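Student: Before anything else, here's the structure in question.
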Amino acid sequence: MEMKRCERGHYYDASIHGSCPYCRDTGDTNKTVAMGAVDVMDVAPTPAVSEERHNVTRPLFAAVQQQNADDGRTVALIQKDLGIDPVVGWLICIDGKEKGRDYRIHSDNNFVGRSEKMDICIRGDETISRENQAVITYDANDKNYYLSPGDGRSIVRVNNKAIFQTVELKAYDRIEIGKTGLLFLPLCGENFEWEKE
Numbered sequence: 008m009e010m011k012r013c014e015r016g017h018y019y020d021a022s023i024h025g026s027c028p029y030c031r032d033t034g035d036t037n038k039t040v041a042m043g044a045v046d047v048m049d050v051a052p053t054p055a056v057s058e059e060r061h062n063v064t065r066p067l068f069a070a071v072q073q074q075n076a077d078d079g080r081t082v083a084l085i086q087k088d089l090g091i092d093p094v095v096g097w098l099i100c101i102d103g104k105e106k107g108r109d110y111r112i113h114s115d116n117n118f119v120g121r122s123e124k125m126d127i128c129i130r131g132d133e134t135i136s137r138e139n140q141a142v143i144t145y146d147a148n149d150k151n152y153y154l155s156p157g158d159g160r161s162i163v164r165v166n167n168k169a170i171f172q173t174v175e176l177k178a179y180d181r182i183e184i185g186k187t188g189l190l191f192l193p194l195c196g197e198n199f200e201w202e203k204e
């Protein structure tokens with residue numbers, strides 16, 4: 008996620024929008040200030056934009072859910088059905104530089120690496136490839152989770168066994184990528200599924 012701030016102080020995800028979606032709605036084109044890659048949790052929420060000023064009222068990240076006819080982004084099946092991209096599970100760092108941090112897993116494929124472009128970005132471990140070290144998948148049809156090794160240099164391990172092909176993940180499986188140890192916790196499955204309202 009690459010956060011930027013426009014001249015008027017609105018924050019938006021530049022990997023999704025080419026310019027400020029708040030100002031764009033009023034036809035106002037403005038310059039943006041690069042913020043660098045930041046975690047959504049690190050950005051203080053901004054109040055909704057007043058209707059008088061921009062003829063629109065919406066919170067900071069509502070624009071993420073706004074879909075054009077085809078804005079170039081591929082969306083997950085659950086996101087297409089529900090209109091949101093909900094969390095379906097977590098990885099929790101139990102060993103390594105980010106010990107104690109959690110990473111949200113969403114439906115379909117979640118690419119793992121050091122890069123901010125990855126769905127799951129594990130910072131600070133140089134033994135993890137920047138992109139596509141591994142892929143964690145939740146298949147909503149069969150309600151199972153899978154881990155596949157990517158094209159990274161480090162060997163990916165599940166419960167101390169090296170994996171060289173896709174394996175099914177179970178609750179509390181331990182995953183090792185580089186020098187980082189992760190614990191897998193599912194949310195969706197036989198006992199819970201996100202449903203259409």
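Count the sequence shown with the numbering used here and you get residues 8 to 204, in order. Ideal Cβ placement from N, Cα and C applies to all residues, glycine included. Keep in mind that this is a model prediction, so the values were computed, not measured.
1) Nearest CA to the CA of K150: which residue from V119, H17 and G96?
2) Quick check: S136 and G159, are their CB atoms within less than 8 Å of each other?
3) For C27, name the three-state secondary structure that DSSP assigns.
4) Are the CB atoms of S118 and N139 nearer to each other than 8 Å?
5) Just to confirm the assignment, what range does the beta strand (DSSP E) spanning L189 have?
6) Could you have a look at G131 and say whether DSSP puts it in helix, strand or coil?
7) Could you give the uninterrupted runs of the beta strand (DSSP E) lying entirely in the stretch 92 to 126, keeping only those of 3 residues or more?
8) Just verifying my parser: in three-state terms, what is the DSSP assignment at N139?
9) Just mark A141 as buried or exposed, buried being the case when its beta carbon has 16 or more other beta carbons within 10 Å.
10) Taking the alpha carbon of G185 as the point to measure from, which residue in T144, D132 and A147 has its own alpha carbon closest?
11) In its own chain, which residues sit with a C-beta less than 7 Å from the C-beta of I162, not counting the 5 before and 5 after it?
12) Apply the 10 Å Cβ neighbour rule to S22 and answer buried if 16 or more other Cβ atoms are within range, or exposed otherwise.
13) Answer with buried or exposed for E200, where buried requires no fewer than 16 other C-beta atoms within 10 angstroms of its C-beta.
14) Just to confirm before moving on: does the CB-CB distance between I182 and L189 stay below 8 Å?
15) Considering only the alpha carbon of each residue, which of T144, A178, I127 and G196 lies closest to E105?
16) Does the Cβ of K11 have 16 or more other Cβ atoms within 10 Å, making it buried, or fewer, making it exposed?
Tutor: Taking the definition as stated:
1) G96
2) yes
3) coil
4) Here residue 118 is Phe; the residue named in the question, Ser, does not match the sequence. It is a contact, given that the beta carbons lie within the stated cut-off.
5) T187 to P193
6) coil
7) 94 to 102, 109 to 113 and 115 to 120
8) coil
9) buried
10) D132
11) A169
12) exposed
13) exposed
14) yes
15) Comparing Cα-Cα distances from E105 to each of T144, A178, I127 and G196, the minimum goes to I127.
16) It is buried - the Cβ of K11 has at least 16 other Cβ atoms within 10 Å.
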